[in-house]
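Everything on this sheet refers to the single structure shown next.
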Amino acid sequence: MYVDNVLAQKFRFKWFVRTQEQLLSHNQPIIPYFNKKNDELSKDLQIHRLEKALYYGYVFLLGERKGGFSKDKRLCAPLLLYPVTHELIDDTYYLRVNRSGLIINRFVLQSISFKEGKSKDQFIEALEAINDEDDFSTFKLKRVLEEFVVNADCEELSIAPEVWKVDQVKEYFKAGKHKDTQKFIPAAGTVYVKKADSSLMISEDLKRLRNNGDFSIPLAKLGSDETVKPCDASAFEHLLNADQFQALKNSMQFANSLMIGPPGTGKSYTISCIAANALLNNESVLVVGKTDQAVNVIKDLLRKEFKITRQVTQTTSANYKYVLKNKVRRLLTNVDLEPIRYTDVKQKEVLNQRIFSAQEKFENIVEKELRLTELQFSEDRSFYEGLQKWFWEIQHKRLLPAYKVMADCRDLEAQLERFTRDYIKHKYSLNQRKNLRDYRQELLLFNDALLAGNFSTYKKKIAELDFSKLLKNLPLWLVTLNKLNSVIPCVKNAFDLVIIDEATQCDLASAIPAIYRAKRVVVVGDPNQLGHYSFLSKFQQKQFREKHQWPMTPYSITETAVFSISTSIF
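Going by the UniProt record's numbering, the sequence shown opens with residue 1, and the numbers climb by one from there.
Printed below as a string of structure tokens:
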């Protein structure tokens, strides 16, 4: 949670306690809530219940913000944040606090400095220990701040449970007392904030998985080498080296496959070929990564190598929803149809045969040249070997130079590459027209969902359509893991293929929802790449483990990357 200045206009429905703090200091789970905009707040909470939440903040840090582009440099941030429910009982609104849901405001953690020998993790553990006590003590909180924080001005906390009124806070800023100093004060109130996109989307998916209690094909077949699909011939064989083509075949055959390689070995190019090959087979593909940059590289390769642009749905840009709406509208009006490119399929076999003949010819020349060289440098030739030498020298004069045969071979391979790219677009244009005819209804329903006014309505509408049928018309998606849920519903086995790029940086919680949406998964990574790191304190991890009775495993839920698990299981 990141709350910097509660007084700012961006925080609507703000409210401050005016006399004594009761929810924590008096250990009262519910108090009357006299907010003048209660009715408006109640309606907004119903509409945006998935995107926004009401929190109760206590102990505020006052000061001056450093840097940034905002003209308002006031720092008025609650240290402790608790989720609260907004309840209407007998025509009166109440606040009910959830003390177990304590969140330490990240902005405050970034704004303070810790004393030598004291760490942020220790500070968080100390605050959580105070919160876990039956009787909340502001005095103990004051002592923790003085123990950990450099130049902590906490004297005002001595008056708790009395609190500063909002007018008193504003007067403090108006008098300029906040400049070049930081002060902790006993203040309490509510703040209405937008949930963090990544935590909102991922937690929603994980809750659904927990409630469903079932597994996608890749999750069910972890550790199995059973093939789930026959490996058909691929047009990409001549575009890849042996190892890359084996990775492509693995992606077609197995529920789980792994591709490992250091930088410069063509991992991204192979991913683009695997994705394009799936499109060729009328399959749906989801490419996910931890960062925008990871998926943007794949997008650029698909465009550069195979001219695949109209097939791609990308959600990494800031205006992706507008672009997606426009794409769907163009498909429905047949504006975005791929032009048909007629190709003679028999030409591929002709080119393959010519390449095979050229390669045989080249190998034959090399073999003869090696034999001639061996005979020429032999000091003890027999009469028969002398005849062989004379014969090979005559033959060698009649042979084309090896480099010319190799040049012909490369020219034929270039022709085959061009044919392959044309064939891909031809095959996709045929698939697209058939899919638009057969699955148009899902595209119409998706268009209605995109036009919804808020995220909650969008989720309701998108649940009504068959997403696997929609993917026939929108077959290739490039998404960062934290945005996966924002446009793609949590449907088991929705995609024929999911590719997790730069898996060394992907944590398990973020990746599992992507794997749940897959029939087959390819995990791609570099073991020498900087790995995933979690900012969740070890104390919090221990609490979660005890609360949810997690078994002890060699893997850390928060710090182990998908790639690490994959290398030991696949």
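For every residue, glycine included, the Cβ atom is placed at its ideal position computed from N, Cα and C.
Legend entry - For residue 86, three-class secondary structure by DSSP: Looking up residue 86 in the sequence shown gives position 86. Of the three classes helix, strand and coil, the one that applies to residue 86 here is strand, per DSSP.
Inset, instruction - Indicate whether residue 129 and residue 164 have their beta-carbon atoms separated by less than 8 Å. - result: As a first step, residue 129 must be located in the sequence shown, where it is residue number 129. As a first step, residue 164 must be located in the sequence shown, where it is residue number 164. Taking 8 Å as the Cβ cut-off, residue 129 and residue 164 do not qualify as a contacting pair.
Inset, instruction - Below 6 Å CB to CB, which residues in the same chain sit around residue 280 once its five sequence neighbours on both sides are set aside? - result: Counted from its first residue, the sequence shown places residue 280 at position 280. Hits under 6 Å: 424 and 427.
Legend entry - Limits of the alpha helix (DSSP H) - the one that residue 172 falls within: Against the sequence shown, residue 172 aligns to sequence position 172. Residue 172 -> alpha helix (DSSP H) spans 166-174.
Inset, instruction - Could you tell me whether the Cβ atoms of residue 520 and residue 501 are closer together than 8 Å? - result: Position 520 of the sequence shown, counting from 1, holds the residue named residue 520. Position 501 of the sequence shown, counting from 1, holds the residue named residue 501. No, they are not a contact pair.
Legend entry - Which of helix, strand or coil DSSP assigns to residue 327: Here residue 327 corresponds to residue number 327 of the sequence shown, with the count starting at 1. Of the three classes helix, strand and coil, the one that applies to residue 327 here is helix, per DSSP.
Inset, instruction - For residue 185, I'd like the list of residues in its chain whose CB is within less than 7 Å of its CB, leaving aside the five on either flank, ordered along the chain. - result: Residue 185 sits at position 185 when you count from the first residue of the sequence shown. So the list reads 60, 62, 156 and 164, once near-sequence residues are dropped.
Inset, instruction - Output the boundary residues of the alpha helix (DSSP H) element that contains residue 441. - result: Locating residue 441 in the sequence shown gives position 441, where the first residue counts as 1. Start and end: 440-450.
Inset, instruction - Report the option in 411, 274, 504 and 307 whose CA atom is closest to the CA atom of residue 498. - result: Against the sequence shown, residue 498 aligns to sequence position 498. Here the closest residue by C-alpha is 274.
Inset, instruction - Check whether the Cβ atoms of residue 138 and residue 160 sit closer than 8 Å, and answer yes or no. - result: What you label residue 138 is simply residue 138 of the sequence shown in a count that begins at 1. What you label residue 160 is simply residue 160 of the sequence shown in a count that begins at 1. Closer than 8 Å, so yes.
Legend entry - Complete beta strand (DSSP E) runs within the stretch 458-507 (minimum length 3 residues, chain order): 476-480 and 497-500
Legend entry - Classification of residue 490 by the beta-carbon crowding that lies within 10 angstroms, buried from 16 upward: The residue you call residue 490 lines up with position 490 of the sequence shown. The residue in question, residue 490, is buried, as its Cβ has 16 or more Cβ neighbours within 10 Å.
Inset, instruction - Please go through the stretch 24-71 and give each complete beta strand (DSSP E) segment of 3 or more residues, from N-terminal end onward. - result: 30-32 and 52-64
Inset, instruction - To the nearest angstrom, report how far apart residue 70 and residue 175 are at their CA atoms. - result: Here residue 70 is taken as the residue at index 70 of the sequence shown, counted from 1. Here residue 175 is taken as the residue at index 175 of the sequence shown, counted from 1. Going by the C-alpha atoms only, they are around 20 Å apart.
Inset, instruction - Determine the burial state of residue 450: buried for a count of at least 16 other Cβ atoms within 10 Å of its Cβ, exposed for fewer. - result: As a first step, residue 450 must be located in the sequence shown, where it is residue number 450. With 16 or more other CB atoms across the displayed protein chains lying within 10 angstroms of its CB, residue 450 is buried.
Inset, instruction - Go to residue 219, then tell me how far its beta strand (DSSP E) extends in each direction, as first and last residue. - result: By 1-based counting over the sequence shown, the position of residue 219 is 219. Careful: residue 219 lies outside any beta strand (DSSP E), inside the alpha helix (DSSP H) at 217-220.
Legend entry - Local conformation of residue 16 per DSSP, three classes: Residue 16 sits at position 16 when you count from the first residue of the sequence shown. Looking at residue 16 - three-state DSSP - the assignment turns out to be strand.
Legend entry - Beta-bridge partners of residue 256, as assigned by DSSP: Looking up residue 256 in the sequence shown gives position 256. DSSP, once it has assigned bridges, lists 521 as partnering residue 256.
Inset, instruction - Return yes when at least one heavy atom of the ligand ADP lies under 7 Å from the C-beta of residue 354, else no. - result: This structure lacks the ligand ADP, and indeed carries no ligand of any kind.
Legend entry - Residue from 267, 358, 38 and 285 with nearest C-alpha to residue 526: Position 526 of the sequence shown, counting from 1, holds the residue named residue 526. Nearest C-alpha to residue 526: 267.
Inset, instruction - Out of 88, 32, 231 and 230, state which residue places its alpha-carbon closest to the alpha-carbon of residue 42. - result: Along the sequence shown, read from residue 1 onward, the residue named residue 42 stands at position 42. Of the candidates 88, 32, 231 and 230, the one whose C-alpha sits nearest the C-alpha of residue 42 is 88.
Legend entry - For residue 290, the nearest candidate out of 252, 277 and 315 (CA to CA): Translated into the one-based positions of the sequence shown, residue 290 becomes position 290. The shortest C-alpha separation from residue 290 is found at 315.
Inset, instruction - Report the residue from 82, 355 and 251 whose alpha carbon sits nearest the alpha carbon of residue 233. - result: Within the sequence shown, residue 233 is the residue found at index 233, counting from 1. Shortest Cα-Cα distance from residue 233 to any of 82, 355 and 251 involves 251.
Legend entry - Where residue 26 falls, given that 16 or more other Cβ within 10 Å makes a residue buried: Reading the sequence shown from its first residue, position 26 is the one you call residue 26. It is exposed - the Cβ of residue 26 has fewer than 16 other Cβ atoms within 10 Å.
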